[in-house]
Amino acid sequence: MTSNPEEIRTERLVLRRVGPGDLRAAIAVLSDPETSHHDQSGKPSAAETADLLARWRAHWVHEGVGYWAVVLPETGEVIGFGGLHHHELDGERTLNLSYRLRPRHRGRGYAPEMARAAVEWARRERPHRPVVIITDPGDKPSQRVAEKLGFAHVGAGVTAEGPVLVHRRQGVVAMTA
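Quick note, in the working numbering, the sequence shown goes up one by one and the last residue is 185.
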């Protein structure tokens with residue numbers, strides 16, 4: 009696998025690098041209040057979503073990591089977005105895993121399937137950067153996904169968005185955000 013994969017296929021999903029054609033899907037996913045019910049920053053406008061999509065695309069070019077569109081291969085429907093971005097945690101350079109899936113696709117195991125593919129890609133292609141999962145304290149579904157992936161709650165902190173919980177692969181030292 010290359011360090012900048014155009015797409016990753018799992019058993020039920022295709023993760024493909026985001027492109028300019030994903031704007032409509034990104035607006036639909038990110039503007040749905042149920043998609044980000046734990047995110048208190050509010051839903052982004054269409055212009056803010058377009059800017060975010062452009063930044064995700066630029067991350068791949070400039071940083072070698074980024075977000076994928078999460079697609080159902082049988083229909084081509086984009087059910088969400090997820091991937092990795094650089095994050096500094098107590099002076100350590102890490103990769104933070106995050107994702108947003110459409111609410112109607114929750115509870116089907118898509119989040120752990122997407123997340124597992126991203127974590128495995130990072131393990132192979134960026135082994136010097138540990139993956140962390142940073143969640144809102146009330147985001148129990150994301151915490152369950154972290155546990156399914158073998159991550160454990162190792163610390164807490166406060167970011168510009170508010171309090172967070174930090175999850176790392178089991179057996180690593182505790183950190184704060």
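Cβ atoms here follow ideal geometry from the backbone N, Cα and C, with glycine treated the same way.
Hey, would you say L38 sits closer than 8 Å to W76, going by beta carbons?
no
V181 versus G99: straight-line alpha-carbon distance, rounded
Note that V181 has pLDDT 46, beneath the 50 cutoff, so the model's placement of it is unreliable and the number below is only indicative. If you take the alpha carbons of V181 and G99, they lie about 14 Å apart.
If you draw a straight line from the C-alpha of H113 to the C-alpha of M122, how long is it?
12 Å
4 or more residues per run - each alpha helix (DSSP H) lying fully within the stretch 15 to 97:
31 to 39, 54 to 71
So what does G170 bridge to, in DSSP terms?
T167
With a threshold of 8 Å, are at least 3 pairs of Cβ atoms found where one atom belongs to the stretch 148 to 162 and the other to the stretch 55 to 64?
no
Segment contact, 8 Å Cβ cut-off, at least three pairs: the stretch 122 to 142 with the stretch 162 to 180:
yes
Check the DSSP bridge columns for Y107 and list the partner residues they point to.
G90
Just how far apart, CA to CA, sit T102 and T18?
24 Å
Roughly how many angstroms lie between the CA atoms of G29 and A125, to the nearest whole one?
23 Å
Got a sec? Which residues, its chain only, sit under 6 Å from N104 by beta carbon, not counting five neighbours each side?
H93, H95, V140, I142
When L80, L31, V26, S106 are compared against D147, the one with the closest alpha-carbon
S106
On the DSSP bridge list, what partners appear for R177?
F159
Between H136 and L97, what straight-line distance do the alpha-carbon atoms span, to the nearest angstrom?
14 Å
Closest residue to P13 among V86, P81, L80, G91 (Cα-Cα distance)
G91
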